[in-house]
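Peer 1: Dumping the structure here so I can ask a few things about it.
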Amino acid sequence: MTRPSNPAAAWRPGMPGGGNLPSGPAGRPAMPGGDGHGPEAGAPTVTIGSYPDYPSAQRVVDYLADNRFPVEHTAIVGTNLTLVETVLGRLTTGRAALLGAGTGAWFGLFIGLLFGIFTAGNWVAVILVGLVIGAIWGAVFGAVAHAMSGGQRDFTSASSLRAGQYAVIVDANLADQARQLLGRMHLTPTGTTAR
288 MTRPSNPAAA WRPGMPGGGN LPSGPAGRPA MPGGDGHGPE AGAPTVTIGS
338 YPDYPSAQRV VDYLADNRFP VEHTAIVGTN LTLVETVLGR LTTGRAALLG
388 AGTGAWFGLF IGLLFGIFTA GNWVAVILVG LVIGAIWGAV FGAVAHAMSG
438 GQRDFTSASS LRAGQYAVIV DANLADQARQ LLGRMHLTPT GTTAR
């Protein structure tokens with residue numbers, strides 16, 4: 288039996304063996320649509336305004352919605368993305384154990400509720416035991432995990448993405464209508480609505 292030199296050739300309909308492929312986890316394999324040069328592009332879009340913060344861009348889309356504009360053809364696009372990691376505090380072994388105990392308590396409460404549903408006796412005791420055991424194991428795992436890090440990360444933090452600018456874009460065929468509506472909306476230089 289000869290195999291095609293190009294593995295994708297077996298996926299083309301009408302080729303020998305192309306219809307005999309077994310189905311995978313997502314069902315029967317099929318050729319993707321389009322011209323084979325990436326995902327199909329949607330309707331062309333036009334930027335109708337750029338704003339320094341998200342609430343200003345949100346206010347513009349809300350104004351369009353209030354004036355019966357088909358907002359399902361709009362999008363708010365954040366550009367100049369920056370990852371900001373805010374340091375919340377120092378992390379010691381004790382604090383790691385405390386954080387682990389909190390996480391473990393929630394998991395233990397969940398497991399206790401599951402077992403408590405099927406208990407004929409004292410279901411409150413089952414829930415409390417699950418909570419306590421979860422807190423203890425969570426504290427142990429939290430302390431051990433921090434101790435094994437060898438002081439590589441002795442702080443807690445929270446990460447967030449921030450955009451430098453937010454653009455409101457609409458489908459090109461609706462851009463004139465959106466601009467006419469926004470002409471009636473009075474914006475101050477900071478991008479907030481003047482009422």
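According to this note's numbering, the stretch in the sequence shown is residues 288 to 482, in order. For glycine and all other residues, C-beta sits at the position ideal for the given N, C-alpha and C.
Hey, how far is the Cα of Leu468 from the Cα of Gln452?
Peer 2: What you label residue 468 is simply residue 181 of the sequence shown in a count that begins at 1. What you label residue 452 is simply residue 165 of the sequence shown in a count that begins at 1. Whole-angstrom Cα-Cα distance: 22 Å.
Peer 1: Starting from Glu372, follow its DSSP beta bridges and name the residues at the other end.
Peer 2: Here residue 372 refers to the residue found at position 85 of the sequence shown. Its beta-bridge partners are Ser446.
Peer 1: Rounded to a whole number of angstroms, what is the C-alpha to C-alpha distance between Pro339 and Thr443?
Peer 2: Counting from one through the sequence shown, the residue named residue 339 turns up at place 52. Counting from one through the sequence shown, the residue named residue 443 turns up at place 156. Answer to the nearest angstrom: the Cα atoms are 29 Å apart.
Peer 1: Between the Cα of Gly421 and the Cα atoms of Ser337, Val371, Ala330, Ala388, which residue gives the shortest distance?
Peer 2: Walking along the sequence shown from the start, residue 421 turns up at place 134. The candidate whose alpha carbon is nearest that of Gly421 is Ala388.
Peer 1: Exposed or buried, Gly399, counting other C-beta atoms within 10 Å across all chains shown (16 or more means buried)?
Peer 2: By one-based count along the sequence shown, residue 399 stands at place 112. So Gly399 counts as buried.
Peer 1: With 16 other CB atoms within 10 Å as the buried threshold, where does Ile404 fall?
Peer 2: Counting from one through the sequence shown, the residue named residue 404 turns up at place 117. Exposed, since its Cβ has fewer than 16 Cβ neighbours within 10 Å.
Peer 1: Using the beta-carbon count (16 or more within 10 Å), is Gly470 buried or exposed?
Peer 2: By one-based count along the sequence shown, residue 470 stands at place 183. Exposed.
Peer 1: What would DSSP say about Thr406, mapped onto helix, strand or coil?
Peer 2: If you number the sequence shown from 1, residue 406 lands on position 119. It is coil, neither helix nor strand.
Peer 1: Give the DSSP-derived three-state secondary structure of Trp298 in the structure shown.
Peer 2: If you number the sequence shown from 1, residue 298 lands on position 11. With a pLDDT of only 48 at Trp298, under the threshold of 50, the placement of this residue in the model should not be trusted; the figure read from the coordinates follows. Note: Trp298 maps to helix in three-state DSSP.
Peer 1: Please name the residue or residues paired with Ile456 in a DSSP beta bridge.
Peer 2: As a first step, residue 456 must be located in the sequence shown, where it is residue number 169. In DSSP, Ile456 forms a bridge with Thr334, Ala362.
Peer 1: Our contact map puts Ala465 next to Pro331 with C-beta atoms below 8 Å; I'd like the distance itself, whole angstroms only.
Peer 2: Numbered from its first residue, the sequence shown carries residue 465 at position 178. Numbered from its first residue, the sequence shown carries residue 331 at position 44. Actually they do not touch by this definition, with Cβ atoms about 14 Å apart.
Peer 1: Taking the alpha carbon of Leu461 as the reference point, which residue from Leu385, Ala344, Tyr350, Thr361 has its own alpha carbon closest?
Peer 2: Sequence index remark: in the sequence shown, residue 461 carries index 174 (1-based). Minimum Cα distance to Leu461 is reached at Thr361.
Peer 1: Helix or strand or just coil, what does DSSP make of Arg382?
Peer 2: In the sequence shown, the residue the question calls residue 382 occupies position 95. It is helical.
Peer 1: Where does Leu418 land, buried or exposed, given buried means 16+ other C-beta within 10 angstroms?
Peer 2: Taking the first residue of the sequence shown as position 1, residue 418 is located at position 131. Result: buried.
Peer 1: With Asp441 as the anchor, note down where its alpha helix (DSSP H) starts and where it stops.
Peer 2: Reading the sequence shown from its first residue, position 154 is the one you call residue 441. Looking at the DSSP string, Asp441 is not in any alpha helix (DSSP H), and its letter there is neither H nor E.
Peer 1: Do you know offhand how far Gly381's Cα is from Asn367's?
Peer 2: Against the sequence shown, residue 381 aligns to sequence position 94. Against the sequence shown, residue 367 aligns to sequence position 80. Each residue's Cα considered, the two are about 39 Å apart.
Peer 1: Pick out whichever of Gly376, Ile335, Phe402 has its Cα sitting closest to the Cα of Asp441.
Peer 2: Numbered from 1 along the sequence shown, position 154 holds the residue referred to as residue 441. Cα-wise, what sits closest to Asp441 is Gly376.
Peer 1: Grab the span of the alpha helix (DSSP H) containing Leu351 for me, first residue to last.
Peer 2: Along the sequence shown, read from residue 1 onward, the residue named residue 351 stands at position 64. Where Leu351 is concerned, the enclosing alpha helix (DSSP H) stretches over 341 to 353.
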